[in-house]
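Structure, as structure tokens:
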Amino acid sequence: MADSDIDRGKRPANLPAPPSSASSSSSAPSCAVLHKDYLSLLTLVYASTTKSSLTLRPQEPAYSAALGPLRDLATNITALTTCATLFDVYGFTLASDARLSAREVCEAVRALATNFLDKNGEDYLVRAGTVHDLVDQAKRDLSVDNRTAVRKRWISDRGMLEDTYEEVISMAEGGNDDEIEDGEDDFGDDEWDELGLGSSKKLSEAEVDRIKKVQPLLRFSTLLHKRVQLDILSDASTATPSLEALDALPSCSHGLLVASEEVVAALYAPQNPANVASAITSLSTAVKTLRLTLEDGALLPRRNGDVDELTTGMATLSVGGNGVNGQKNRDARGWFETCFAQIEKLSQSTAVAVVAESSDTT
């Protein structure tokens with residue numbers, strides 16, 4: 009299993025699906041018990057780290073007094089890593105978070121132990137503080153279940169996705185009026201691109217018009233991402249999806265974010281219409297992947313209302329708000345279906361229009 013896959017919350021191809029049989033569930037502690045044990049072990053690691061640091065001060069180490077705390081620290085670290093492996097049965101996303109936190113704590117403890125062996129290890133307090141900080145962070149961040157762990161990943165991407173959309177709004181409303189004038193900075197366009205900051209060139213009128221054509225597509229895709237969090241991943245959701253279905257969502261979220269960022273990058277001056285059209289196609293593909301994942305995992309809400317009011321209702325939603333509009337409880341399932349249809353329609357029409365503009369200019 010690759011560490012990079014765990015860090016991204018992506019299920020490696022060679023990882024077997026989590027056990028779902030009654031025997032597997034009955035043979036493992038409940039998720040709530042594991043969660044409580046994990047937090048307790050982190051507290052013990054914190055305490056034994058403190059005691060070990062106090063007894064092994066470089067100025068006056070008390071080796072005999074340190075034997076007990078060091079033995080406790082080794083025992084607690086072993087128990088922590090073992091506990092982290094037991095989350096697998098309750099979902100890959102939750103398990104990967106627990107493993108990652110445990111690994112970070114273990115690496116910090118190893119660095120502290122190495123410092124103890126150094127007679128000039130004056131920064132032992134800093135390394136002990138690092139262990140304490142990582143333990144505190146792990147205790148704060150560990151989710152109570154797999155749905156919550158997936159939702160945290162989703163929320164993290166949502167913030168960046170909304171920032172991306174706000175960037176497009178700024179470009180559409182003012183072009184590059186706030187950008188640095190040519191010749192006023194020490195960076196050329198190539199240098200700005202290398203830093204991932206886009207070009208410093210001003211947008212032409214045609215390029216601003218092109219941005220305005222793409223903006224509705226990004227608005228709908230950003231709204232879609234928001235509603236998955238509110239309607240599917242919230243604690244209020246009555247759906248009981250499988251662990252595999254939930255674990256497939258973080259990669260969909262990341263794919264949607266990357267595709268949206270590619271669209272924005274293509275909209276910086278000077279624009280290449282072919283690149284803009286290609287980025288739109290990639291965004292459409294990311295949305296289709298999300299749709300298939302939601303459908304295959306039976307994650308979409310059940311239909312319970314009149315679909316005819318949905319198109320009008322969608323126009324009243326905001327990208328950045330945290331609340332759910334009153335239209336939501338009419339028919340959340342229909343909202344998703346309408347949104348998917350709108351995105352597909354906009355993707356096709358916008359890409360065609362951009363390609364046509366490219367042909368007209370050649």
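When we follow my numbering, the leftmost residue of the sequence shown carries the number 9, and every step to the right adds one. Note that beta-carbon positions come from the ideal geometry of N, C-alpha and C, so glycine has one too. This one's a predicted model, so the numbers in the text were calculated from it and none came from an experiment.
1. Look up V272 in the DSSP assignment and say whether it is helix, strand or coil.
2. Contact check, L300 vs L308 under 8 Å by CB: the rounded distance?
3. State buried or exposed for D96, treating a residue as buried only when at least 16 other CB atoms are found within 10 Å of its CB.
4. How big is the Cα-Cα spacing for T57 and D144?
5. From T89, D126, C347 and S48, pick the residue whose C-alpha is nearest to that of A106; which is it?
6. With DSSP as the reference, label G305 as helix, strand or coil.
7. Please classify G99: is it buried, with 16 or more other beta-carbons within 10 angstroms of its beta-carbon, or exposed?
8. Enumerate in chain order the residues of its own chain whose CB-to-CB distance from Y132 is below 8 Å, with the five nearest sequence positions on each side excluded.
9. Indicate whether V117 and V134 have their beta-carbon atoms separated by less than 9 Å.
10. Quick check on Q279: does DSSP put it in helix, strand or coil?
11. CB A247 to CB A306, shorter than 9 Å?
12. What is the DSSP secondary structure of R310, reduced to helix, strand or coil?
13. Look up V152 in the DSSP assignment and say whether it is helix, strand or coil.
14. With C-beta atoms as the reference, is K275 less than 9 Å away from S229?
15. Among residues of its own chain, excluding the 5 on either side of L78, which ones have a beta-carbon nearer than 6 Å to its beta-carbon?
16. Would you mind sorting I240 into buried or exposed? The rule is 16 or more other CB atoms within 10 Å of its CB.
17. To the nearest angstrom, report how far apart G342 and E352 are at their CA atoms.
18. Mapping the DSSP letters down to three states, classify T122 as helix, strand or coil.
19. In terms of residue numbering, what span does the alpha helix (DSSP H) encompassing F228 cover?
20. Could you compute how far the alpha carbon of K160 sits from the alpha carbon of R311?
21. How long is the line joining the alpha carbons of H43 and D80, rounded to whole angstroms?
22. Would a C-beta distance cut-off of 9 Å place L231 and C114 closer than the cut-off?
23. How far does the alpha helix (DSSP H) with D239 in it extend, from its first residue to its last?
24. How many Å lie between C39 and L257 at the Cα?
25. Hey, L226 and V176 are a contact pair by Cβ (cut 8 Å); roughly how many whole angstroms apart?
26. Between the C-alpha atoms of N84 and L75, what's the straight-line distance to the nearest angstrom?
27. Between the alpha carbons of Y46 and A136, how many angstroms are there, rounded?
28. With DSSP as the reference, label L75 as helix, strand or coil.
29. Taking only three categories from DSSP, how would you classify A36?
30. What is the C-beta distance between M168 and L265, in whole angstroms, given that I count them as a contact (C-beta under 8 Å)?
31. So the candidates are A364, T297 and P224; which of them puts its Cα closest to the Cα of A180?
32. What does the Cβ neighbour count give for R155, buried or exposed, with the cut at 16 atoms within 10 Å?
33. Can you list, in chain order, the residues of its chain with a C-beta nearer than 7 Å to that of S32? Leave out the 5 residues immediately preceding and following it.
34. Would a C-beta distance cut-off of 9 Å place L298 and V222 closer than the cut-off?
35. Please work out which residues of its chain come closer than 8 Å, Cβ to Cβ, to T289, disregarding the five sequence neighbours upstream and downstream, and give them in chain order.
Straight from the coordinates:
1. The count along the sequence shown starts at 1 and reaches residue 272 at position 264. If DSSP states are grouped into helix, strand and coil, V272 belongs with the helices.
2. On the sequence shown, residue 300 is found 292 positions in, with the first residue counted as 1. On the sequence shown, residue 308 is found 300 positions in, with the first residue counted as 1. 11 Å between Cβ atoms; not a contact.
3. Here residue 96 refers to the residue found at position 88 of the sequence shown. So D96 counts as buried.
4. Working through the sequence shown from its first residue, we reach residue 57 at position 49. Working through the sequence shown from its first residue, we reach residue 144 at position 136. For T57 and D144, the distance between alpha carbons rounds to 13 Å.
5. Your numbering for residue 106 matches position 98 in the sequence shown. Answer by Cα proximity: T89.
6. Mapped onto the sequence shown, residue 305 falls at position 297. Of the three classes helix, strand and coil, the one that applies to G305 here is coil, per DSSP.
7. Residue 99 sits at position 91 when you count from the first residue of the sequence shown. So G99 ends up on the buried side.
8. For the purposes of this step, residue 132 is taken as residue 124 along the sequence shown, with counting starting at 1. Correct list, in chain order: S61, L64, R65, P66, L120, N123 and F124.
9. Taking the sequence shown and counting its residues from 1, the one referred to as residue 117 is at position 109. Taking the sequence shown and counting its residues from 1, the one referred to as residue 134 is at position 126. Cβ distance not < 9 Å, so V117 and V134 don't count as in contact.
10. Working through the sequence shown from its first residue, we reach residue 279 at position 271. Three-state DSSP puts Q279 in coil, outside helix and strand.
11. Translated into the one-based positions of the sequence shown, residue 247 becomes position 239. Translated into the one-based positions of the sequence shown, residue 306 becomes position 298. Yes, the Cβ-Cβ distance between A247 and A306 is below 9 Å.
12. Against the sequence shown, residue 310 aligns to sequence position 302. Residue state, collapsed to three classes: coil.
13. Counting from one through the sequence shown, the residue named residue 152 turns up at place 144. Residue state, collapsed to three classes: coil.
14. Position 267 of the sequence shown, counted from the first residue, corresponds to residue 275. Position 221 of the sequence shown, counted from the first residue, corresponds to residue 229. Note on identity: in this sequence residue 275 is Leu, with Lys being the wrong assignment. Against a cut-off of 9 Å, the Cβ pair of S229 and L275 comes out as no contact.
15. Your numbering for residue 78 matches position 70 in the sequence shown. Closer than 6 Å at Cβ, skipping near neighbours: S60.
16. In the sequence shown, residue 240 corresponds to position 232, counting from 1. It is buried - the Cβ of I240 has at least 16 other Cβ atoms within 10 Å.
17. The residue given as residue 342 occupies position 334 in the sequence shown. The residue given as residue 352 occupies position 344 in the sequence shown. Looking at the two C-alpha atoms, the distance is approximately 15 Å.
18. Sequence index remark: in the sequence shown, residue 122 carries index 114 (1-based). Helix, per DSSP.
19. As a working mapping, residue 228 is identified with position 220 in the sequence shown. It spans E213 to R235 - the alpha helix (DSSP H) in which F228 sits, taken as one unbroken run.
20. Taking the first residue of the sequence shown as 1, we reach residue 160 at position 152. Taking the first residue of the sequence shown as 1, we reach residue 311 at position 303. Looking at the two C-alpha atoms, the distance is approximately 26 Å.
21. To locate residue 43, count along the sequence shown from 1; it is residue 35. To locate residue 80, count along the sequence shown from 1; it is residue 72. Those two C-alpha atoms are separated by around 21 Å.
22. Residue 231 sits at position 223 when you count from the first residue of the sequence shown. Residue 114 sits at position 106 when you count from the first residue of the sequence shown. Their beta carbons are not under 9 Å apart, which means L231 does not touch C114 by this criterion.
23. Numbered from its first residue, the sequence shown carries residue 239 at position 231. Neither: D239 is in no alpha helix (DSSP H) and is coded neither H nor E.
24. One-based indexing of the sequence shown puts residue 39 at position 31. One-based indexing of the sequence shown puts residue 257 at position 249. The straight-line gap from Cα to Cα measures roughly 21 Å.
25. Locating residue 226 in the sequence shown gives position 218, where the first residue counts as 1. Locating residue 176 in the sequence shown gives position 168, where the first residue counts as 1. Sure, about 6 Å apart at Cβ, within 8 Å.
26. The sequence position of residue 84 within the sequence shown is 76, counting from 1. The sequence position of residue 75 within the sequence shown is 67, counting from 1. Cα to Cα, the separation comes out at about 14 Å.
27. Counting from one through the sequence shown, the residue named residue 46 turns up at place 38. Counting from one through the sequence shown, the residue named residue 136 turns up at place 128. Rounded to whole angstroms, Y46 to A136 spans 20 Å at the Cα level.
28. Along the sequence shown, one-based indexing puts residue 75 at 67. Three-state DSSP puts L75 in a helix.
29. In the sequence shown, the residue the question calls residue 36 occupies position 28. Here A36 sits in coil by DSSP.
30. As a first step, residue 168 is located in the sequence shown; it is residue number 160 there, counting from the start. As a first step, residue 265 is located in the sequence shown; it is residue number 257 there, counting from the start. Confirmed, about 6 Å.
31. Counted from its first residue, the sequence shown places residue 180 at position 172. That would be P224, whose Cα lies nearest to the Cα of A180.
32. Position 147 of the sequence shown, counted from the start, is the residue given in the question as residue 155. With 16 or more Cβ atoms within 10 Å of its Cβ, R155 is classed as buried.
33. Residue numbering aside, residue 32 sits at position 24 when the sequence shown is read from its first letter. A caution first: S32 carries a pLDDT of 49, below 50, which makes its placement in the model too unreliable to give a value.
34. On the sequence shown, residue 298 is found 290 positions in, with the first residue counted as 1. On the sequence shown, residue 222 is found 214 positions in, with the first residue counted as 1. Contact: no.
35. In the sequence shown, the residue the question calls residue 289 occupies position 281. These residues qualify, in order along the chain: S355 and A359.
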